[in-house]
Structure formats: C-alpha cells, structure tokens
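S.K.: Read top to bottom, the protein sequences are chains A and B. Going by our numbering, the first sequence wraps up at 286, each residue one higher than the last. Going by our numbering, the second sequence wraps up at 272, each residue one higher than the last. This is the structure, below, for whatever I ask next.
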Amino acid sequence: MADRAWVIRGADTYIARDNGGAVANIALFATEAGAVLVDAGPSLRYGQALAKLARELTGEPVARVYLTHLHPDHTYGDAAFAPGTIAATPALAAELKREGPGFSDGMYRILGDWMRGTELHMPGHAVTAERETLGGRSFRLLALSGHSASDLAVLDERTGTLVAGDLVFHDRAPTTPHADLPKWRAALDTLKGLSHRRVVPGHGPLDPTPAAAIDQTRDWLDWLEGALTAAVRDGLDMVDAGLMPIPDRFARLKVARYELQRSVAHLYPALEAREWPRVDGR
Amino acid sequence: MKRIAAALALAAPSAAVAGPFPADPLNSPMWEFVADKYLGEGAAVRFDPRVKVTFPEVAENQRVFPVQVDARGIADVARVMILIDLNPIQLPIDYRLGDAEAFVSTRVKLDQRTPVRGLVQLKDGTWLASGGWIDAAGGGCSAPPVSRVKGDWAQHLGEVRGRLWSGASGARVQLAFRHPMDTGLVDNIAIYHIDDLRLTAADGRMLGEVKMQAAVAEDPVLALMPRTRPGEAVRFAGRDTNGVEFAGTLEAGGGAVASR
Numbered sequence: 005m006a007d008r009a010w011v012i013r014g015a016d017t018y019i020a021r022d023n024g025g026a027v028a029n030i031a032l033f034a035t036e037a038g039a040v041l042v043d044a045g046p047s048l049r050y051g052q053a054l055a056k057l058a059r060e061l062t063g064e065p066v067a068r069v070y071l072t073h074l075h076p077d078h079t080y081g082d083a084a085f086a087p088g089t090i091a092a093t094p095a096l097a098a099e100l101k102r103e104g105p106g107f108s109d110g111m112y113r114i115l116g117d118w119m120r121g122t123e124l125h126m127p128g129h130a131v132t133a134e135r136e137t138l139g140g141r142s143f144r145l146l147a148l149s150g151h152s153a154s155d156l157a158v159l160d161e162r163t164g165t166l167v168a169g170d171l172v173f174h175d176r177a178p179t180t181p182h183a184d185l186p187k188w189r190a191a192l193d194t195l196k197g198l199s200h201r202r203v204v205p206g207h208g209p210l211d212p213t214p215a216a217a218i219d220q221t222r223d224w225l226d227w228l229e230g231a232l233t234a235a236v237r238d239g240l241d242m243v244d245a246g247l248m249p250i251p252d253r254f255a256r257l258k259v260a261r262y263e264l265q266r267s268v269a270h271l272y273p274a275l276e277a278r279e280w281p282r283v284d285g286r
Numbered sequence: 013m014k015r016i017a018a019a020l021a022l023a024a025p026s027a028a029v030a031g032p033f034p035a036d037p038l039n040s041p042m043w044e045f046v047a048d049k050y051l052g053e054g055a056a057v058r059f060d061p062r063v064k065v066t067f068p069e070v071a072e073n074q075r076v077f078p079v080q081v082d083a084r085g086i087a088d089v090a091r092v093m094i095l096i097d098l099n100p101i102q103l104p105i106d107y108r109l110g111d112a113e114a115f116v117s118t119r120v121k122l123d124q125r126t127p128v129r130g131l132v133q134l135k136d137g138t139w140l141a142s143g144g145w146i147d148a149a150g151g152g153c154s155a156p157p158v159s160r161v162k163g164d165w166a167q168h169l170g171e172v173r174g175r176l177w178s179g180a181s182g183a184r185v186q187l188a189f190r191h192p193m194d195t196g197l198v199d200n201i202a203i204y205h206i207d208d209l210r211l212t213a214a215d216g217r218m219l220g221e222v223k224m225q226a227a228v229a230e231d232p233v234l235a236l237m238p239r240t241r242p243g244e245a246v247r248f249a250g251r252d253t254n255g256v257e258f259a260g261t262l263e264a265g266g267g268a269v270a271s272r
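Here is the structure:
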C-alpha cells in the first residue's frame with residue numbers, strides 16, 4: 005500500500021470450502037520492533053502462512069496482532085501466535101472468552117480440514133491506550149462498536165492508513181449478525197472525521213480515498229434499515245423481504261442478495277415486534 | 013430394449029419400494045416414507061412447479077428458517093402442508109383452507125440439510141408437490157429456545173402481535189405469537205407447542221384452520237391470505253398443547269399489502 009505497509013486481501017465472498025475461509029482483509033506493517041498485523045484470518049493454517057509472509061516481507065517476526073472484532077474469519081488465525089503478541093480491547097477479550105469458541109462448530113462444518121488444529125488463543129495484551137508505538141511506528145487505536153459489540157479500528161499514523169475492520173465494507177455487502185445500526189452509524193461518523201488517507205475495509209478492495217468505502221457502508225446500512233422497516237409495515241414476510249429489489253447503486257457490491265437475506269434473518273423479528281400492534285386483547 | 017426393461021422394472025411390484033408414489037425429483041431418502049405417512053397409502057400425488065415453495069438461499073439461523081408456499085395459481089386447493097423430510101418433527105404446518113387463497117408463510121426449525129416441501133391437496137383429494145433442498149447446521153430442533161435460556165417465556169406467553177392488510181391484490185394476515193414451541197428433544201423439557209389455530213370472518217365464515225407442530229420456530233409467525241371483504245375484521249382463536257387459549261381480532265385498515 006505504502007511505506008512498508010501491505011494488505012493481504014481476502015476473497016470478496018462468504019466463508020466456503022473453496023476459499024478456506026480466507027475472506028477477511030489483513031493489514032501488515034513493518035516496524036523496527038517486528039511486524040504488526042491487524043487481524044489474523046480464519047485458521048491455524050492461515051495464521052501460520054501469515055507469520056511466514058510477514059517475515060518474508062518485513063524481515064522480522066510478528067511482534068503484535070491487533071484483533072478488530074470477534075468474528076472467526078478475523079480471529080481464529082491467532083492460533084498461530086503466542087498469546088502475549090495478541091492484542092485486543094478488554095471488551096473484545098471478554099467477548100472472545102464468552103463467545104469465541106462457539107464459532108468453532110460452524111467453521112469446522114463449512115471448512116473441514118482447513119481448520120485442523122485451530123484453537124482460538126485468548127489475547128494476552130490489553131489495548132487500553134489511544135495510541136501504541138512499536139519500533140518507531142505509532143498506531144492510533146479507536147475502540148468503537150456497531151458491527152459488533154466491540155470493534156477496534158487501527159490508524160497507522162505514518163502512512164495515514166485506516167484499518168477499519170468490519171466497520172467498513174467496500175464493494176462487498178456488509179454483514180449484520182451482531183450489528184447495532186445506530187452505534188454503527190456513530191462509529192462511521194467517528195472514522196470519517198479522522199485525518200486518514202486510505203481505508204483498508206474488513207472485506208473488499210482497498211479504498212485509496214478517505215471516504216468512499218465509509219460512505220458506501222453507511223448508504224447500505226441506511227437503505228437496509230429503511231427498506232426492511234417499510235417491508236414489515238407493508239405486510240411482507242421474511243421470504244418476500246429477502247427477495248426485494250436491491251437498488252442499482254449497489255450493483256457493485258458482491259454477495260448483496262446473500263447478505264440481504266442474512267440481514268432479514270438478523271433484523272426482521274425485532275422490527276415486527278416494534279411495528280405490529282398487540283392483538284391479543286390482554 | 014433397455015427402455016422396455018426399465019419400464020417393466022418400474023411397473024413390477026417391489027418389496028423395497030413401499031408405495032406407488034412417483035420418483036422424487038429431490039431424491040430424498042425419506043420420500044416414500046413421508047409420502048406414505050402424511051399423504052396416506054396409495055395417495056395420488058404429482059410434482060408440480062405451480063406449487064411455489066420459496067425460501068432464502070442460506071439457512072442463516074437453523075432455528076428460524078422462513079418458508080413460503082404459494083399455490084394461488086392452482087384452482088380448488090383445499091389444504092396446504094409444509095413438510096421437512098429429514099427433521100425429527102416433519103410437519104410444521106398443516107393448513108386447511110376455508111375462504112382463503114392457497115398461501116401460507118411461516119418460519120421453521122431445521123435439524124440438518126434437508127428437503128423442504130410444499131404439498132397441496134385439491135378438493136378431489138389428489139396432491140401436488142414441490143420444494144427444494146436447504147443446507148443447515150445441525151440442531152435446530154434440539155437447541156433450547158431462546159426464551160427458555162433467558163427464562164422469560166412464561167411472562168410473554170399469550171402475547172400476540174399482528175396486522176391485517178387488504179387491497180386489490182387480496183388480503184394478508186400476519187400473526188406473531190410468543191410461545192417457546194418446545195420440541196421435547198431438549199433436556200427434560202416436555203413437548204409444548206401451539207397446536208391449533210382458526211381464523212374466522214366477522215360473519216362467522218371459516219377462513220382457515222392451521223395445525224402446527226413444534227417444528228415451527230419459537231415465537232411462531234404465520235402469514236395467510238384470507239378472502240375478506242372491504243372493512244371486514246378477522247378473528248383468530250387458537251390453543252396450545254396445554255390448553256392455553258389465544259384469541260383476538262385483527263381490524264381492517266392495516267393498509268394495502270405490498271406485492272414484491
């Protein structure tokens with residue numbers, strides 16, 4: 005990307021056997037104290053490949069792995085790293101302890117042998133400061149939420165590269181299994197206000213501009229919430245809602261229909277409970 | 013010659029094949045069994061794509077999987093069933109139509125990768141079938157309901173939300189019940205589910221009767237399309253397997269139902 009900074013691109017689709025779960029983007033930065041990774045990928049095997057690549061590119065072993073959020077396509081590769089190098093906010097560490105291992109059945113079911121030997125490591129380094137400096141390179145650390153209950157964004161101040169985790173998607177439809185849409189919007193406002201040059205989204209191509217991917221993510225979330233609310237009010241069921249037209253401006257977004265149907269599953273029951281009156285006379 | 017041999021093989025009685033049912037386009041290992049059990053021995057059935065069975069491409073939540081059966085393109089439909097071959101509980105919905113269009117939509121539990129079918133019985137007794145396979149993680153029927161884990165199911169039992177939409181394209185009723193819909197397959201929690209639901213019009217006209225099993229998702233949601241007259245309210249009355257009754261009225265005026 006820039007001065008001793010790289011992005012390792014994931015496939016812009018969903019977790020599947022033919023991609024080994026390598027769907028999330030990983031960022032890599034060289035420092036004089038060792039390589040810094042943001043996120044670790046889906047499996048032990050992926051994490052090991054990442055460690056090897058980091059050494060080849062930077063000439064140094066991995067000194068730190070920042071985890072952005074709990075989803076297994078970002079975290080399970082931390083199995084390849086020593087707990088002391090794995091960094092997360094206390095909120096994320098608590099979530100990983102509570103919910104992290106629970107993703108394992110699903111990951112093994114979909115990915116099979118790709119997952120062999122993968123055991124999620126709990127982070128040994130607590131991210132509590134707003135900035136951490138390693139080997140002359142400083143990273144601004146933003147503890148946010150909205151895509152999940154705790155999302156970390158990392159800004160490499162040397163190059164102005166914002167690694168946004170899954171708070172930002174680019175040309176790939178956002179996912180909502182643990183989303184809180186008002187908090188997500190607030191997080192996007194925060195990110196947009198930073199003085200960064202480019203954005204590494206959690207999924208999808210690097211955005212060489214400060215705002216395009218952030219704006220696109222927000223546009224999708226706004227449309228999604230409005231469209232699903234209207235669908236509930238108009239009497240559409242979940243099947244109908246999953247088949248509603250997707251506006252042309254989202255034609256660039258990969259797996260848009262798939263994610264719309266997932267989001268219907270995540271968000272529809274709460275909207276029905278909000279929008280439909282009680283009719284039981286109690 | 014080969015063709016003749018094949019025809020003879022099809023015509024010959026076979027101990028391995030129980031019924032005279034047509035070959036299943038979904039190649040389900042359970043087709044003969046479920047057809048025999050739910051349609052009845054010797055029932056006349058044919059596969060017909062006019063029975064539109066629609067569901068999402070991914071089972072995001074195997075405990076809450078939306079399924080819609082729309083057979084409005086077929087005349088003289090008396091009954092619509094949703095059948096899930098490879099579930100331990102296979103028949104979530106058995107709907108006998110009154111004055112209503114042949115349409116039902118709900119959410120079901122999936123216990124593994126399985127065929128999901130819509131089965132439509134005509135007034136002459138014959139059946140039409142359609143459906144597809146859906147992949148699902150295991151355990152939709154054998155994981156405890158969310159409200160059992162939270163412990164608040166009893167506080168909300170009997171709450172019903174819903175609306176009645178009516179317009180040129182017909183009317184639609186949506187009902188959402190708070191109910192754990194226990195399958196009997198979890199720990200020591202006995203089977204407990206909404207059993208029976210009737211919809212009637214203001215003048216007493218029967219609009220439809222739905223038998224539910226515990227393969228309907230927790231907090232069941234049901235959409236039906238009764239033939240109501242302008243301004244006409246719909247009354248629902250149901251009962252669960254412990255005899256708890258659910259009843260209420262949906263007033264007209266929820267607006268026109270949108271068509272997708």
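Beta carbons: idealized from backbone N, C-alpha and C, even for Gly.
Whether or not the segment 45–58 of chain A and the segment 158–165 of chain A are in contact is what I'm after, with contact meaning three or more pairs of Cβ atoms, one per stretch, closer than 8 Å; do they touch?
M.R.: In short, these stretches do not touch, since the Cβ pair count stays below three.
S.K.: Check whether the segment 134–142 of chain B touches the segment 163–181 of chain B, taking contact to mean three or more Cβ pairs, one atom from each stretch, closer than 8 Å.
M.R.: Not touching, per the Cβ criterion.
S.K.: Residues in its own chain within less than 6 Å of ARG272 of chain B by CB, not counting five upstream and five downstream?
M.R.: Bear in mind that the predicted position of ARG272 of chain B carries a pLDDT of just 43, short of 50, making it too unreliable to give a figure here.
S.K.: Are the beta-carbon atoms of SER289 of chain A and GLY25 of chain A separated by less than 8 Å?
M.R.: What is shown of chain A runs 5 to 286, which leaves residue 289 of chain A out entirely.
S.K.: Given that a residue counts as buried once 16 or more other Cβ atoms are within 10 Å of its Cβ, and exposed if not, what is ASN99 of chain B?
M.R.: Result: buried.
S.K.: Quick one: Cα of ARG8 of chain A to Cα of LEU210 of chain A, how far?
M.R.: Going by the C-alpha atoms only, they are around 16 Å apart.
S.K.: How should LEU262 of chain B be labelled, buried or exposed, when 16 other C-beta atoms within 10 angstroms of its C-beta is the threshold for buried?
M.R.: Classification of LEU262 of chain B: buried, given that the 10 Å Cβ count is 16 or more.
S.K.: Around the C-beta of PRO242 of chain B, are 16 or more other C-beta atoms found within 10 angstroms, so that it is buried, or is it exposed?
M.R.: Classification for PRO242 of chain B: exposed.
S.K.: Can you list the residues of chain A that SER159 of chain B reaches, using a CB-CB cut of under 7 Å?
M.R.: Here the premise fails: no neighbours, minimum Cβ distance about 12 Å.
S.K.: Using a Cβ-Cβ cut-off of less than 8 Å, list which residues of the segment 257–282 of chain A approach chain B; keep chain order.
M.R.: Those would be ARG261, TYR262, GLN265, ARG266, VAL268, ALA269, HIS270, PRO273, GLU276, ALA277, TRP280, PRO281, ARG282, in chain order.
S.K.: Can you pull the chain B residues whose beta carbon is under 9 Å from the beta carbon of ARG113 of chain A, in chain order?
M.R.: Simply ALA149, GLY150.
S.K.: Taking DSSP as the reference, what is the three-state secondary structure of SER142 of chain A?
M.R.: Strand at SER142 of chain A.
S.K.: Straight-line CA distance for ASP208 of chain B to GLU221 of chain B?
M.R.: Distance between the alpha carbons of ASP208 of chain B and GLU221 of chain B: 7 Å.
S.K.: Using only the alpha-carbon positions, how far apart do ALA17 of chain B and ALA20 of chain A sit?
M.R.: For ALA17 of chain B, the predicted structure reports a pLDDT of 43, less than 50, and the residue's modelled location is therefore unreliable. A value from the coordinates is still provided. So the alpha carbons of these two residues sit roughly 43 Å apart.
S.K.: In its own chain, which residues sit with a C-beta less than 6 Å from the C-beta of ASP88 of chain B, not counting the 5 before and 5 after it?
M.R.: Taken in chain order, the residues that qualify are LEU134, LYS135.
S.K.: Please report the straight-line C-alpha distance between ALA130 of chain A and ARG68 of chain A, rounded to a whole angstrom.
M.R.: Looking at the two C-alpha atoms, the distance is approximately 11 Å.
S.K.: Hey, is the segment 155–172 of chain B in contact with the segment 191–204 of chain B, meaning 3+ C-beta pairs nearer than 8 Å?
M.R.: Taking 8 Å as the limit for Cβ pairs, the verdict is that the segment 191–204 of chain B does touch the segment 155–172 of chain B.
S.K.: Would you identify the three-state DSSP class for ALA269 of chain A, choosing helix, strand or coil?
M.R.: Correct three-state label for ALA269 of chain A: helix.
S.K.: Just the C-alpha distance for TRP224 of chain A and MET218 of chain B, rounded to the nearest angstrom, thanks.
M.R.: Taking the straight line joining both Cα atoms gives about 44 Å.
S.K.: Pull up the DSSP beta-bridge partners for PRO238 of chain B, would you.
M.R.: Answer is B:ALA112.
S.K.: Name the chain A residues whose beta carbon is nearer than 9 Å to that of LEU262 of chain B?
M.R.: Going along chain A in sequence order, the residues near LEU262 of chain B (Cβ under 9 Å) are VAL283.
S.K.: May I ask you to list the residues that DSSP assigns as paired with THR122 of chain A?
M.R.: Answer is none; THR122 of chain A lacks a bridge partner.
S.K.: Can you look up ARG251 of chain B in the DSSP assignment and give me helix, strand or coil?
M.R.: Note: ARG251 of chain B maps to strand in three-state DSSP.
S.K.: Flag this pair as yes or no: are the beta carbons of ALA190 of chain A and GLY239 of chain A separated by less than 8 Å?
M.R.: No. Outside cutoff.
S.K.: Which residues in chain B sit within 8 Å of ASP241 of chain A, going by Cβ to Cβ distance?
M.R.: Ordered by position in chain B, the residues that pass the 8 Å Cβ test against ASP241 of chain A are PRO78, GLN80, SER117, GLN186, VAL233, ALA235.
S.K.: Which residues in the same chain have their Cβ closer than 7 Å to the Cβ of ALA231 of chain A, if we skip the five residues on either side of it in sequence?
M.R.: Excluding residues within five positions, the ones whose Cβ falls inside 7 Å are MET248.
S.K.: Counting along the chain, where does the beta strand (DSSP E) carrying GLN186 of chain B start and finish?
M.R.: Start and end: 182–189.
S.K.: In chain B, what lies closer than 8 Å to ARG286 of chain A by C-beta?
M.R.: Those are GLY170, GLU171, listed as they occur along chain B.
S.K.: Beta-carbon of VAL70 of chain B versus every beta-carbon of chain A: anything under 8 Å?
M.R.: It does; some Cβ of chain A falls within 8 Å.
S.K.: If you draw a straight line from the alpha carbon of ARG253 of chain A to that of ALA245 of chain A, how long is it in whole angstroms?
M.R.: If I take the Cα positions, the gap works out to 19 Å.
S.K.: With a threshold of 8 Å, are at least 3 pairs of Cβ atoms found where one atom belongs to the segment 94–110 of chain A and the other to the segment 135–142 of chain A?
M.R.: These segments do not touch.
S.K.: With distance defined between alpha-carbon atoms, name the residue in A:TYR80, A:TRP118, A:TYR112 nearest to ALA149 of chain B.
M.R.: When only C-alpha atoms are compared, the closest one is A:TYR112.
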